[in-house]
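Residue numbering for the sequence shown follows my numbering, starting at 1 and increasing by one per position. For glycine and all other residues, C-beta sits at the position ideal for the given N, C-alpha and C. Only a predicted model underlies this, so the values are computations on that prediction, with no experimental measurement involved. Before any comments, here is the structure.
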Amino acid sequence: MRRYEDLVLADKAIFVGVDVHMRQWHVTIRTEEAELFTGSIPGCWDALAKVLRGYRPDQTTVVYEAGYFGYSLHDAIRGWGGQAVVTPPSLVPMEYGNHVKTDKRDSRKLALLLSRGLLRANWVPDMQLRHHRQVLRRRCQLLGDRVRLQSRIKAALTFHGIDIGGRYSRWSKRWVDGLWAIDFGDTFAQASFHQLLGMYLFVRD
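Quick look at the structure:
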């Protein structure tokens with residue numbers, strides 16, 4: 001015989017809010033009318049899957065905020081058979097007069113807003129596009145690192161009173177190779193500058 005709870009929830013849409021952190025997630029499960037569960041679980045999909053085990057995937061929608069944790073949770077939810085919403089934090093409606101954030105409150109708010117249809121969903125790129133974006137993002141980061149290291153090299157030369165004129169516009173291989181020959185007159189200063197040059201060559205190449 002089926003449990004009473006199973007009969008009541010048989011045709012109910014289930015809404016799940018997850019406040020995601022590195023070690024622990026806070027989860028709230030509800031229908032449109034009532035909250036069914038709220039609590040903390042270990043921060044992994046396997047733990048969430050155990051909590052969701054009593055619900056039908058085709059009736060369950062899970063929401064979490066976009067950010068540091070990417071789309072792996074989204075993929076796991078879709079693989080389980082449920083619907084996943086990755087919502088931008090900046091567009092989550094704020095409660096008037098309530099600016100106190102807690103994990104429990106955040107997961108409850110996400111579940112409630114999801115049940116009311118008040119959350120926007122980010123477009124989630126497929127795996128190949130994510131990898132392409134990651135390559136481009138890493139390249140941009142390395143370019144930024146290169147510029148910062150160039151500034152540090154200039155600052156080191158200026159700090160030690162070494163004037164090489166205005167020859168910073170083109171960091172050619174020959175010009176950079178010449179920097180290795182600069183004599184700082186001190187072993188530690190020389191080693192520190194060579195570390196900077198080594199880091200620059202690493203990100204440049």
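A contact between stretches requires three or more CB pairs, one per stretch, nearer than 8 angstroms, and the stretch 28-43 meets this requirement with the stretch 106-122. In the three-state reduction of the DSSP assignment, residue 172 falls in the coil class, being assigned neither a helical nor a strand state. Annotated three-state conformation of residue 77 is helix, per DSSP. Assignment of residue 182 by DSSP, reduced to helix, strand and coil, places it in the coil class. The DSSP-derived three-state label of residue 121 is coil. In this model, residue 123 and residue 92 are separated by some 16 angstroms (Cα to Cα). Scanning its chain for C-beta atoms nearer than 8 angstroms, with the 5 sequence neighbours on each side dropped, one finds around residue 133 the residues 125, in chain order.
As computed with DSSP, residue 42 is found in a beta bridge with 24. Around residue 190, the same chain offers 184 as residues with beta carbons nearer than 6 angstroms, after the five sequence neighbours per side are excluded.
Not a single unbroken stretch of the beta strand (DSSP E) spanning 3 or more residues falls wholly within the stretch 114-162. Straight across, the Cα-Cα distance linking residue 128 with residue 120 is about 24 angstroms.
For the pair of segments examined, the stretch 16-33 was found to touch the stretch 62-82: the number of CB pairs separated by less than 8 angstroms reaches three.
Cα atoms of residue 115 and residue 57: separation of roughly 16 angstroms, rounded to the nearest angstrom. Here residue 202 is exposed: its Cβ has fewer than 16 other Cβ atoms, across all protein chains shown, within 10 Å. DSSP places residue 198 in the uninterrupted alpha helix (DSSP H) bounded by 187-204.
By the beta-carbon neighbour count (other beta carbons within 10 angstroms, threshold 16), residue 84 is buried.
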